[in-house]
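S.K.: Next up is a structure, given as structure tokens.
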Amino acid sequence: MIKIWSMKKNEDQAAKKKPKTSAAQIRVQKDLTELDLPSTMKTHFPDPADLLNFTLTITPDEGMYKGGSFLFTFKINANYPHEPPKVKCEQKIYHPNVDLAGNVCLNILREDWKPVLNLNSVMVGLQYLFLEPNADDPLNKEAAEELKRNREQFIYNVKSSMRGGTIKGEKYDIVIKEQ
Amino acid sequence: MMAAAVAVNGTASSSDWDGRYYHVDQILDRPGPRTDPSFLAGDEVKEFLREKCKILVIGAGGLGCEILANLALSGFKDIHVIDMDTIDISNLNRQFLFRPKDVGNSKAIVAAEFIMNRVPGVKVTPYFGKIQDKDEDYYMQFNLIICGLDSVEARRWINATLVNMVDPENPESLKPLIDGGTEGFKGQARVILPTVTSCYECSLDMLNKPTAFPICTIANTPRLPEHCIEWASVLEWPRVHGEKKMDTDNPEHISWLYQIALARAKEFKIEGVTYSLTQGVVKNIIPAIASTNAIIAASCCNEAFKIATSSAAYLNNYFMLIGTDSVYSYTFEHEKRQDCPVCGGESLDITVNKEWTVDRLIEVLVERQDIQVKKPSLSAPGKQIYFQAPPQLEEATRPNLEKKVSELVPDGGEITVTATTLPFNLSLRVKYI
Chain P
1 MIKIWSMKKN EDQAAKKKPK TSAAQIRVQK DLTELDLPST MKTHFPDPAD
51 LLNFTLTITP DEGMYKGGSF LFTFKINANY PHEPPKVKCE QKIYHPNVDL
101 AGNVCLNILR EDWKPVLNLN SVMVGLQYLF LEPNADDPLN KEAAEELKRN
151 REQFIYNVKS SMRGGTIKGE KYDIVIKEQ
Chain D
1 MMAAAVAVNG TASSSDWDGR YYHVDQILDR PGPRTDPSFL AGDEVKEFLR
51 EKCKILVIGA GGLGCEILAN LALSGFKDIH VIDMDTIDIS NLNRQFLFRP
101 KDVGNSKAIV AAEFIMNRVP GVKVTPYFGK IQDKDEDYYM QFNLIICGLD
151 SVEARRWINA TLVNMVDPEN PESLKPLIDG GTEGFKGQAR VILPTVTSCY
201 ECSLDMLNKP TAFPICTIAN TPRLPEHCIE WASVLEWPRV HGEKKMDTDN
251 PEHISWLYQI ALARAKEFKI EGVTYSLTQG VVKNIIPAIA STNAIIAASC
301 CNEAFKIATS SAAYLNNYFM LIGTDSVYSY TFEHEKRQDC PVCGGESLDI
351 TVNKEWTVDR LIEVLVERQD IQVKKPSLSA PGKQIYFQAP PQLEEATRPN
401 LEKKVSELVP DGGEITVTAT TLPFNLSLRV KYI
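Protein sequence lines, in the order shown, are assigned to chains P and D. One point on numbering: in full-length UniProt numbering, the residue at position 10 of the first sequence is 10, and numbering is uninterrupted. One point on numbering: in full-length UniProt numbering, the residue at position 58 of the second sequence is 58, and numbering is uninterrupted.
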């Protein structure tokens, strides 16, 4: 057998001992403790000991979704940050980039995810969807077409859906922020 | 007398006949001008290779079959093999240790039996299960580990496990890891000496990112058969089945996805959705080429042989083969990443007074010039000690500030420190006084 140990001694004077915590855990610890969120976003940990599953509430203070309170779940697996976190909207909302099941169309959650991105970038990206809904990448086609065709009507639909209204036969969840 | 010797598997070297290793012995019987000074030509090295060296092969698939055959034929006699998979009919074109009658059986067990029947005197011990089932004691028994895996996750796991296993007090705890991988005409072989050379995690950024299609394309404007399959698996499966998890190894699940994808393809006039494509897309299968596996497995086994015998310089440390555009190969030393979360975390022994509170420890850390840390967050394996943010976790961990460090972390225990100013993380080993 080769004598690796002698190489180690030469090269590795400073005693290094590795963390038993998984790489994903450490990275999540770093991401979470360095979150720099505006007052419109709040994280919540149902089990504070479990850093890999939590929720994010976004309460936009401007734009057409102002006044709403939107709840997302984050699920992070052991392959993070090689894989993006899994993010879902927990409410049925009227939004061009969120479908009725809560799937979100945000490029950095799928095709443009890179390990250099972090939880902060995902959260900021989600908030941006509420400020600038994107009709070109629709998941809710009805909503996207309305936004393209008639912005006024779209805004009206958004307001009505947030109060629990029905649009084109779909009843949406009440998401108005409690005062 | 030799002619009468019957191959008895499981008892190493009992069946070595004259001249069995004539060719390999040309290398082992005498040193060459460039062999390592520690090379002990002759009986000693042969005895180590053939009677003492215990090698673990992880994966008994495309690479694994080649690796097992190569190792057995080059003189390794105590081989262990782990694989959690069973044999599928589609494996038979290249996984040559398997026959149609073996379909449905454990790859590890069938491969082990085949090798033992074919190569006298070789003992192969199979384990049909996951690498994660085994603990450090299990991995500690081997001299060398070779991986022929198809999953990033499994590689990361074994890499982190072997790096963590290195105990500065015990030279035996450092296990060389040889990792092979192929993807179509491309492949790589590398030697990882945990904590000495760069590790698998150091090079994660070299991986191609998995192909993902924009979810909006899948939902609205599918153009490829893959889009239809992704639609079935990403959107329709959760919609129809709710929380029930999709099992990509369950033929019923794949059939369901196939039917749904096929209907969608019809609707959008897209051709090419087949059962095997469906399976390929959801399992993220990349076509395997037998001859690429052969090249990479051979290269891994040569390294195993050289490392076990010191008979020639081994690969330092990364060999890549690109056969997609003519043939190109390149060997280079992949460097350790200082901020590698597995092997790079600058780690530090720290002496802590038994009476210190967590708050006091943080003060001490902030004051230390050699750490340069502001607002550190601390955790111990499986539990948070103190988090600076987000507010909920800060509040939940704040009571710990008043507690003694010695109540939260055992002597010799580890604390992971993260902070904005640290490139990645810092690991502290606590010693109490």
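No residue lacks a Cβ here, since even glycine has one placed at the ideal position from N, Cα and C.
Could you tell me if D:Leu-207 is buried or exposed, where buried requires 16 or more neighbouring beta carbons within 10 angstroms of its beta carbon?
M.R.: Exposed, because fewer than 16 other Cβ atoms sit within 10 Å of the Cβ of D:Leu-207.
S.K.: Say whether the stretch 71-82 of chain D touches the stretch 112-127 of chain D, bearing in mind that this needs 3 or more beta-carbon pairs closer than 8 angstroms, one atom from each stretch.
M.R.: Yes, the stretch 71-82 of chain D touches the stretch 112-127 of chain D.
S.K.: Mind the definition here: the stretch 217-228 of chain D touches the stretch 349-364 of chain D only if three or more C-beta pairs lie below 8 angstroms; say whether that holds.
M.R.: At 8 angstroms Cβ cutoff, the stretches do not touch.
S.K.: Tell me which residue opens and which closes the beta strand (DSSP E) that D:Asp-179 is part of.
M.R.: Run containing D:Asp-179: 177-183, per the beta strand (DSSP E) assignment.
S.K.: D:Tyr-139 versus chain P: which residues are under 8 angstroms apart at the beta carbon?
M.R.: Those do not exist, as D:Tyr-139 stays about 15 angstroms from chain P at its closest Cβ, beyond 8 angstroms.
S.K.: In chain D, what lies closer than 9 angstroms to P:Phe-45 by C-beta?
M.R.: Per Cβ cutoff of 9 angstroms: Pro-390, Gln-392, Leu-393 and Ala-396.
S.K.: Over the uninterrupted beta strand (DSSP E) stretch that includes D:Tyr-127, give me the two end residues.
M.R.: It spans 123-128 - the beta strand (DSSP E) in which D:Tyr-127 sits, taken as one unbroken run.
S.K.: Between P:Glu-111 and chain D, is there a C-beta pair that is closer than 9 angstroms?
M.R.: Chain D contact via Cβ: present.
S.K.: What residues in its chain sit with their C-beta under 6 angstroms from that of D:Ser-379, if we drop five residues either side in the sequence?
M.R.: Counting only Cβ-Cβ distances below 6 angstroms, and skipping sequence neighbours, we find Ile-385 and Thr-416.
S.K.: When you compare the stretch 264-276 of chain D with the stretch 222-237 of chain D, are there three or more beta-carbon pairs, one atom per stretch, that lie closer than 8 angstroms?
M.R.: Yes: at least three Cβ pairs fall under 8 angstroms.
S.K.: Using a 10 Å radius around the Cβ and a threshold of 16 neighbouring Cβ atoms, would you call D:Met-140 buried or exposed?
M.R.: It counts as exposed.
S.K.: Does the beta carbon of D:Leu-257 sit closer than 9 angstroms to a beta carbon anywhere in chain P?
M.R.: Not closer than 9 angstroms to any Cβ of chain P, the Cβ of D:Leu-257 fails to qualify, so no.
S.K.: DSSP on D:Thr-217, reduced to helix/strand/coil?
M.R.: Helix.
S.K.: For D:Arg-190, which beta-bridge partners are listed by DSSP?
M.R.: D:Arg-190 pairs with D:Asp-179 and D:Tyr-318.
S.K.: Under 9 angstroms between C-beta atoms, does P:Ala-143 make it to chain D?
M.R.: So, not an interface residue.
S.K.: Kindly give me the distance between the Cβ atoms of D:Leu-144 and D:Ile-307, rounded to whole angstroms, as I take these residues to be in contact under 8 angstroms.
M.R.: The pair is a contact, with the Cβ atoms about 6 angstroms apart (cut-off 8 angstroms).
S.K.: Let me check one thing: in DSSP terms, what residues is D:Val-417 bridge-paired to?
M.R.: Its beta-bridge partners are D:Leu-378 and D:Leu-426.
S.K.: So is D:Lys-383 in contact with chain P if we call contact Cβ pairs under 9 angstroms?
M.R.: Interface residue, yes.
S.K.: Hey, is D:Ile-307's beta-carbon within less than 9 angstroms of any beta-carbon in chain B?
M.R.: Absent here is chain B; the protein component of the structure consists of chains P and D.
S.K.: Quick check: D:Ser-406 and D:Glu-414, are their CB atoms within less than 9 angstroms of each other?
M.R.: In this structure, D:Glu-414 does not lie closer than 9 angstroms to D:Ser-406 by Cβ.
S.K.: Nearest by alpha-carbon distance to D:Ala-212: which of D:Val-124, D:Pro-100, D:Cys-228 and D:Thr-195 is it?
M.R.: Nearest C-alpha to D:Ala-212: D:Cys-228.
S.K.: Return yes when the Cβ of P:Arg-163 is within less than 9 angstroms of the Cβ of P:Ile-174, no when it is not.
M.R.: Taking 9 angstroms as the Cβ cut-off, P:Ile-174 and P:Arg-163 qualify as a contacting pair.
S.K.: Kindly say whether D:Phe-76, judged by its beta-carbon, lies nearer than 9 angstroms to any beta-carbon of chain P.
M.R.: Cβ-Cβ to chain P under 9 angstroms: no for D:Phe-76.
S.K.: In the DSSP assignment, the alpha helix (DSSP H) including D:Gly-64 goes from what residue to what residue?
M.R.: That run of the alpha helix (DSSP H) goes 62-74.
S.K.: Could you list which residues in chain P have their beta carbon closer than 9 angstroms to that of D:Tyr-314, in chain order?
M.R.: Those are Ile-2, listed as they occur along chain P.
S.K.: Please list the segments of the alpha helix (DSSP H) lying wholly inside the stretch 198-275 of chain D, counting only runs of 4 or more residues, in order along the chain.
M.R.: Runs of the alpha helix (DSSP H) inside the stretch 198-275 of chain D: 215-220, 225-230, 237-241 and 251-267.
S.K.: D:Asp-150: buried (16+ other C-beta within 10 angstroms of its C-beta) or exposed?
M.R.: By the 10 Å Cβ count, D:Asp-150 comes out buried.
S.K.: Mind listing the chain D neighbours of P:Asn-120? Cutoff is C-beta to C-beta under 9 angstroms, in chain order.
M.R.: What P:Asn-120 touches in chain D: nothing, since even the nearest Cβ is about 11 angstroms away.
S.K.: In this structure, how does DSSP classify P:Pro-19 when only helix, strand and coil are distinguished?
M.R.: Per-residue confidence for P:Pro-19 stands at a pLDDT of 46, beneath the threshold of 50, marking its modelled position as unreliable; no derived number is given.
S.K.: So what does DSSP say about D:Arg-20, is it helix, strand or coil?
M.R.: Looking at D:Arg-20 - three-state DSSP - the assignment turns out to be coil, as it is neither helix nor strand.
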